[in-house]
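Under my numbering, the sequence shown has 124 at position 124, and the numbering climbs by one with no breaks. Cβ atoms here follow ideal geometry from the backbone N, Cα and C, with glycine treated the same way. Below: one structure, written as structure tokens.
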Amino acid sequence: MNKNIFKTEGKINKNFRSSQKKQKAKCIWLTGLSGSGKSTIAQVLELNLFKKKKHTYILDGDNLRQGISGDLGFSKKDKSENLRRVAEISKLMTDAGLIVIVALISPFEKDRKFARSLFKKNDFIEVYVSTPLSVCKKRDTKKLYYKSKNEKNFNMIGTKGDYEKPKKPDLIVDTSVENLNKIVRKILRKIL
């Protein structure tokens with residue numbers, strides 16, 4: 001950290017902002033393979049929270065790759081940097097009193113640990129969307145598994161054992177065997 005940079009503290013903190021919104025600011029971090037159902041869960045979860053008058057925002061990996069992380073590639077280093085940026089943004093958004101829902105493959109355990117380290121103990125909920133690779137490949141909504149199989153040098157996370165399953169997630173769900181609404185209810189019980 002640069003010694004010429006000093007953190008400033010405002011007069012209004014996360015607790016005041018959360019209280020004004022009548023909620024507890026949190027980060028719900030959905031991790032899993034492409035096609036596992038992270039974005040779908042995030043959207044239905046956000047809709048449920050919105051109906052409960054909660055203030056939320058989704059940080060979706062694909063959307064962030066089009067903007068804040070548009071300058072990054074898909075090397076291991078770039079994937080880690082992408083996660084670092086998303087984690088820091090999530091922290092700022094929870095400081096604003098929001099319930100932030102992150103839908104990001106986040107393949108590496110050390111990076112997910114970093115994300116968790118930015119938050120107080122109960123302010124970060126890691127949800128492992130453990131849908132099996134075979135199901136994700138069948139869904140292949142973005143045709144990424146197809147490209148991985150048919151295009152030279154296309155590195156798809158999960159196809160070469162490079163996704164590190166979370167060691168101690170707060171919740172494990174599987175969209176291949178669980179109903180979407182049931183999954184969302186499980187997450188809501190965990191966070192509200």
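Are Val-100 and Leu-64 close, meaning C-beta to C-beta below 9 Å? no
So the alpha helix (DSSP H) Phe-16 belongs to, where does it begin and stop? 14-20
Are the beta-carbon atoms belonging to Lys-190 and Asp-170 less than 9 Å from one another? yes
How many Å lie between Val-102 and Met-93 at the Cα? Between Val-102 and Met-93, the alpha-carbon positions lie close to 11 Å from each other.
What number of angstroms, rounded off, separates the C-alpha of Gln-20 from the C-alpha of Lys-149? 50 Å
The beta strand (DSSP E) that contains Glu-193, what's its start and end? Examination of residue 193 is not possible in this model, given that the chain is present from 1 through 192 alone.
Between Asp-71 and Lys-142, is the Cβ-Cβ spacing less than 9 Å? It is not a contact, given that the beta carbons lie outside the stated cut-off.
Express the C-alpha separation of Lys-147 and Leu-118 in angstroms, rounding to a whole number. 35 Å
Taking DSSP as the reference, what is the three-state secondary structure of Tyr-146? helix
Can you find a CB in chain C that lies within less than 9 Å of the CB of Glu-164? The chain labelled as chain C is not found in the depicted structure, where only one protein chain is given.
Under 9 Å between C-beta atoms of Lys-240 and Phe-124: This structure gives no information on residue 240, because the portion of the chain shown stretches from 1 to 192.
Where does the unbroken beta strand (DSSP E) through Lys-26 begin, and where does it stop? Taken as a continuous stretch (DSSP letters only), the beta strand (DSSP E) holding Lys-26 covers 26-31.
Measuring straight from C-alpha to C-alpha, what distance separates Ile-89 and Leu-30? 15 Å
Bounding residues of the alpha helix (DSSP H) (the contiguous stretch that carries Ile-89): 76-95
Measuring only the C-alpha atoms, how far is Thr-131 from Leu-192? 25 Å
Can you have a look at Glu-126 and say buried or exposed, based on whether 16 or more other CB atoms are within 10 angstroms of its CB? buried
Run through DSSP, which three-state label would Asp-111 get? Here Asp-111 carries a helix assignment [DSSP, helix/strand/coil].
Only counting the same chain, and skipping five residues up and downstream in sequence, which positions put a Cβ closer than 7 Å to that of Lys-52? none
DSSP three-state call for Val-173: helix, strand or coil? strand
Helix, strand or coil for Ile-187 per DSSP? helix
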